[in-house]
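Numbering (my numbering), first residue to last: 17 to 189.
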Amino acid sequence: MQIHKSVLTPLGVFTLASEEGYLKAVFAGVPDPASDHGLGRIVEEGFEETERQLAEYFDGKRCCFDLDLDIKGTDFQRLVWAEVSAIPYGQTCSYKQLAIRLGDAAKARSVGAALSRNPLNIVIPTHRVVGSRGSLTGYSSGIDTKRFLLEHEKSEATAALRMQCADAAGVPA
Numbered sequence: 017m018q019i020h021k022s023v024l025t026p027l028g029v030f031t032l033a034s035e036e037g038y039l040k041a042v043f044a045g046v047p048d049p050a051s052d053h054g055l056g057r058i059v060e061e062g063f064e065e066t067e068r069q070l071a072e073y074f075d076g077k078r079c080c081f082d083l084d085l086d087i088k089g090t091d092f093q094r095l096v097w098a099e100v101s102a103i104p105y106g107q108t109c110s111y112k113q114l115a116i117r118l119g120d121a122a123k124a125r126s127v128g129a130a131l132s133r134n135p136l137n138i139v140i141p142t143h144r145v146v147g148s149r150g151s152l153t154g155y156s157s158g159i160d161t162k163r164f165l166l167e168h169e170k171s172e173a174t175a176a177l178r179m180q181c182a183d184a185a186g187v188p189a
């Protein structure tokens, strides 16, 4: 069964969607009720763990997520998203560096295209990928959202969390 719920975050309203208990999407905004968005019915319950982990992330108490995910994409997209998930909290990587990690510097544009199709914003941290000179380029939820997320992760308030996550494979105790 497909279900979805809109939740309030420090970035505004985000929609969470799941299928058979697996989180399949996190995106900014509310789906148009008049369209056939394919997200199933609206619910009030069923996303408690996702909401808890998002709240911990925004409170500076969580650097990565431990959720049951339904990640749909091409083999290349899934490879890119897996590599992005390895970028440490509070750090960035350029599109070109990411392409090199994947074996071909010439695929930077393909990497960007894969990142733009990430269905799980914040959970798969595509906001950590920047232009080759550190510029904030492209993000499906907008550059202001990308800036907010990067500043949040690099803030003084999350300094201890960055150190803890660097030492403990990502999830704080």
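Where a beta carbon is used, it is the ideal one built from N, C-alpha and C, also for glycine.
Next item on the list: Can you tell me which of 66, 47, 65, 64 puts its alpha carbon nearest to the alpha carbon of residue 57?
Entry: 47
Margin query: To the nearest angstrom, how far is the alpha carbon of residue 157 from that of residue 43?
Written below: 7 angstroms
Check: Which whole-angstrom value describes the C-beta separation of residue 81 and residue 23, a residue pair presumed to lie in contact below a C-beta threshold of 8 angstroms?
Finding: Incorrect: roughly 15 angstroms between the Cβ atoms, too far for contact.
Item checked: Contact check, residue 119 vs residue 79, beta carbons under 9 angstroms -> no
Margin query: Measuring straight from C-alpha to C-alpha, what distance separates residue 39 and residue 99?
Written below: 19 angstroms
Next item on the list: Write down the C-beta distance between residue 108 and residue 166 rounded to the nearest angstrom, noting that I regard them as a contact closer than 8 angstroms.
Entry: 7 angstroms
Next item on the list: Taking residue 27 as the reference, give the member of 17, 74, 97, 33 with the closest Cα.
Entry: 74
Note to self: Buried or exposed for residue 111, going by 16 or more other Cβ atoms inside 10 Å?
What the structure shows: buried
Item checked: Distance, residue 114 Cα to residue 103 Cα -> 10 angstroms
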